[in-house]
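The next block holds one structure in the form of C-alpha cells; read it before the comments.
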Amino acid sequence: MGQRHQIFAIARVRRHGVPPDAPPAYRCVAAFHHQWSYGRLPARAMHRLLTLLKQPFNAEVVRAELRAIDGQYGGWRESPSIPDIPCPFVTALVGTAWCVDLEDVKHPYGTGSLSGSALSAAMGSAEGDNNDGISVVDVTDPLSPSYCFVNIGGMESEVDTDHWVPLSAMGYVRAYYPDPSSSGPQLEGDEAKRAQQQEQSVRATINLLEGEPLIDLSALAEAWPMEYADVFEESEADAGSEKEVPRVAAAIPSLTDMSFGPAVKYALETEDLSEIEAMIWMPGKAALVKSILKGHQPFPDVALSILAKVMEFDSRSKTGCWDLTDISLTSDQITRLVLMATHPIASLNISFNPHVTAETVRQILSSSPSIHRLVLMSCPALPAADLNSLLSTSPQLFSNLEALVHRAFLCIWSEDEDDADTSTYPAAFTLVKNRLDSQSLQSWSLPLLSPSVIVQNLNDYLQTIVEAEGSQYDDGMAPLAAISGGLRREGEPWGKRSIVGVPGGSLEWANGEGWVFVFPYGESYGQNPVPQSWGFVKFRKGALNEAIELKATQAEAKSDDVATGEDPAIQKAPEAAKPSGEPACEVHDLRSFLAIVCKEKPPPSEESIAKLEATLSKLTTEKATPLMSASHGDALLKLAMSFGFY
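This note's numbering applies: residue 85 is where the sequence shown begins, and numbers increase by one.
Below, the structure is given as C-alpha cells:
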C-alpha cells in the first residue's frame, strides 16, 4: 500500500582498476525509498535536496565522500561491488530532504526512517517496489547539481509519459495534474475555485525547479547500462547522429602559468619566495600556487608563509573558512599556519591529510579557540577510535566547536557488515523521544554539545509540535533532521542549513553519558511509566547498568524462591543488589541547564533562548506537557529496559 517512489544519487567517479588518468563514469552512490511520494511531492523534495547540496559546508562533505570511493569499486554489477551505503552523508541529505520540511512551522512535514528506508547503492533503478517513478540527482558537482524524474515502466498518474527517459518537473508533475486549459470540462462554483487553487499550487511547484539543469539520458545509461543503454541507443539513432556525453572542456594553461610551476619550485629550492609573494595578488595566481604546493610531500617549512598569504586571497577565507584539503602539513605546521591567519578562522578543513592524528586535533583546538567547525574526512592516521577517545578524555578541547565532521559521525545502519561503522562515539547530547503510543524510546545522539546549536535546533523541532495546524503531522525523521542542523545566521531559513552529521542511537545517556532532552510523542494507549513531560536530564553515572544488575538479581532471587518453595513476596534482594538510594537523574529547565553547560561553553544569544523558552511554555500550557519530575528517572530507565529502544 502506498505511492512508492525511489530516489537515487549518481556521480562521476573512476572505476576500480582503471589508469589514474582514465575519465570518470556515472554510477549510483546513494539510494532511498519513500513510501508516499508522487504528484507534486517529488518536485518539492527535489527542490529541498538541491538547496541542501548547494550549501558550501554540505558540498565539501559530499565531495569528500565521492573522492573517498573514487577508483575503489566496479561499475553497476561489476566487481568489486560497492557497499550498500558508500556515501552516508549523501544518503542522509536525500533522506531528510524527502522526508522532512520544518520551514513552515504551521504546516510541517515529517515522515519516514533513515536507516529503515536507505537502499543499496548497488541496486538497479527499477529494482525497488515502485508505483510512481523515480527521482535522480547528479551530485558530481554538489554546488551545481542536476536532476530528473523517470517513469520506469508505468506510473499511477492521470496521463502516461515516455518511459525510461529523463523527465523535467513539468513533465513529471503534469502527468498527475494535466494543464486544465487544454483538457476537461469547464468547472463552476466551489469546484472551479478548488481547481484554480490546485493549479496555482501545481505551477508554484513546477517553478521551484525552473532553471535547474536536467540530467542527460546518457548519464542514466552510464550508471545503469542494462536498463537504459537500449533506450539511449535508440534515441541516438532517431537523432541521426551520435550524441556525445557533455564534458567540461579542459582549460588550456597560458605560457605564463606553464612557467609559473618551475618558478615556484625554484623559489622553494632556493628558499627565496619574495618574487612569488609579489605575484600572489594577480588574478588566479593564489589558486595556482596552492595547487602547486599540494604536490609537495613532505611540505617544506619555508612555504608556510606563502601558503598563509595564499589563503588570505581565497574567497572563502574572507569569511573565516580555510580549506587545506590535500596539503600534507604536519601537526606542527597546521598549528603554526593557523596562527598566521590575519583574520580568525571559524571553519578548518584538513581532510585527506596522511599526517593528521588525534594529537593534531588537540594542538589545533588548544591554540585556536576561534575554530567552530573542523572537517577531518579521510585522514588515515585518525581512526574513529582515536577521535572518540579524545572526545571522552578531553571534552574541554571541544568546548567551542559547533561541528566536527568525520566518518565516525556519519553512521547509517547497513546489512553489509563491512560497510557499517561499528565504532560508537561518546554522546555529548541526546534527544530522547518517549513514544507514548508504543511505550518505547527513540534517541538521536551528537558527539558535541554546542548550547547555541542545541537551543536553535530544539526550537526548530518543538515549534512544529506546538504550532502545527491539524492532526496529520507524523514527525518521522523530523527529530533527526532538526538535531543534525548546523548553526544558522539570524534570518537564514531552515532549508538552507548545513548538516553537521548523521546522529546515531545510544543508550549510554542512561549511564550518565552527556545530557538528554526528553520529550513525549503520540497518544498514550495504556499505562505509560513516564508521563507526558519534557526536561533536560542528567543521569547518574552507571544508573542504567545498576538498574539492569538489580533486575537480573531480583529475577535470579525469584527463580531461587520458586526452586526452594519459599514465598517470593517476602524475599528481599541481596544487599549488593539494592539501589544506591540516590536519584537516578536530575532534571532541569532550560535556564538551569544552560547555567551548567555554559560554564565552559559559549552561551546562546538571549534572543534564541527567549524563543525556545516561549516554545517550551506553549508545550506546557497548550499541549499539557509540563516539566518532568526527577522522580520519573527510574521509570524512564524501566521503560528503556522493558519496552526497548530503537
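Note that CB positions come from ideal geometry on N, CA and C, so glycine has one too.
Please state the DSSP three-state secondary structure of residue i.
i	result
GLN526	strand
LYS656	In this prediction, LYS656 scores a pLDDT of 47, lower than 50, which makes its location untrustworthy; the coordinate-derived value is nonetheless stated afterwards. Coil at LYS656, not helix or strand.
PRO453	coil
VAL102	coil
GLN87	strand
ARG491	helix
ALA202	strand
ASP718	helix
PRO192	coil
PHE344	helix
GLU240	coil
TRP578	helix
PHE141	helix
ARG258	helix
PHE397	coil
ALA93	strand
TYR350	helix
THR506	Bear in mind that the predicted position of THR506 carries a pLDDT of just 42, short of 50, making it unreliable; the figure below should be weighed with that in mind. Here THR506 sits in coil by DSSP.
CYS183	helix
TYR231	strand
SER361	Looking at the sequence itself, residue 361 is Glu, so the reference to Ser does not match. Helix, per DSSP.
Go to residue i, then tell me how far its beta strand (DSSP E) extends in each direction, as first and last residue.
i	result
PHE623	619–623
SER415	Run containing SER415: none in the beta strand (DSSP E); it sits in the alpha helix (DSSP H), 415–423.
THR514	513–519
ASP222	218–222
SER431	431–433
PHE603	599–605
ALA109	109–118
ASP407	405–407
CYS171	Neither: CYS171 is in no beta strand (DSSP E) and is coded neither H nor E.
Quick check on the burial criterion: 16 or more other C-beta atoms within 10 angstroms. Buried or exposed for residue i?
i	result
TYR260	buried
VAL348	buried
ALA565	buried
GLU501	Because the pLDDT of GLU501 is 42, which lies under 50, any placement of that residue in the model is unreliable, and the question is left without a value.
SER415	buried
LYS662	Legend: pLDDT at LYS662 = 45, less than 50; position of this residue unreliable, value from coordinates given subsequently. Exposed is the call here.
GLY619	buried
ILE153	buried
ASP322	exposed
GLY589	buried
ARG573	exposed
ARG128	buried
LEU377	buried
GLU317	exposed
GLU706	exposed
LEU408	buried
LYS327	With a pLDDT of 49 at LYS327, under the threshold of 50, the modelled position of that residue is not reliable, and the figure given next carries that caveat. Exposed, by the Cβ-count rule.
With residue i and residue j assumed to form a contact (beta carbons below 8 Å), what rounded beta-carbon distance in angstroms separates them?
i	j	result
ILE583	LEU515	With a Cβ gap of about 15 Å, ILE583 and LEU515 do not count as contacting.
LEU432	LEU481	Contact flag wrong, Cβ pair sits at about 14 Å.
ILE91	TYR110	Actually they are not in contact, since the Cβ atoms of ILE91 and TYR110 sit about 16 Å apart, beyond 8 Å.
MET461	ALA148	4 Å
ALA371	ILE360	No, ALA371 and ILE360 are not in contact; Cβ-Cβ is about 14 Å, not under 8 Å.
LEU177	LEU134	That pair is no contact at about 10 Å.
GLU697	LEU723	Not really, about 27 Å apart at Cβ, beyond 8 Å.
PRO535	PRO687	6 Å
TRP248	VAL315	5 Å
SER252	VAL234	No, SER252 and VAL234 are not in contact; Cβ-Cβ is about 11 Å, not under 8 Å.
SER454	PRO479	Contact doesn't hold; Cβ gap of about 19 Å is too wide.
Given a cut-off of 7 Å, decide if residue j and residue i are closer than it, judged by their beta-carbon atoms.
i	j	result
PRO587	LEU530	yes
GLY570	ASN541	no
ILE218	MET254	no
ALA714	VAL671	yes
TRP182	HIS118	yes
ILE299	ASP222	yes
LEU198	GLY179	yes
PHE436	ASP410	yes
VAL243	CYS232	no
LEU32	PRO250	This structure leaves residue 32 out entirely; the chain is present only between 85 and 730.
ARG99	GLY159	yes
LEU203	ALA115	yes
GLN87	ASP216	yes
LEU546	THR419	no
THR548	LEU125	no
Quick check on the DSSP output: the alpha helix (DSSP H) that includes residue i runs from which residue to which?
i	result
ARG287	273–292
TYR545	535–551
GLU162	Neither: GLU162 is in no alpha helix (DSSP H) and is coded neither H nor E.
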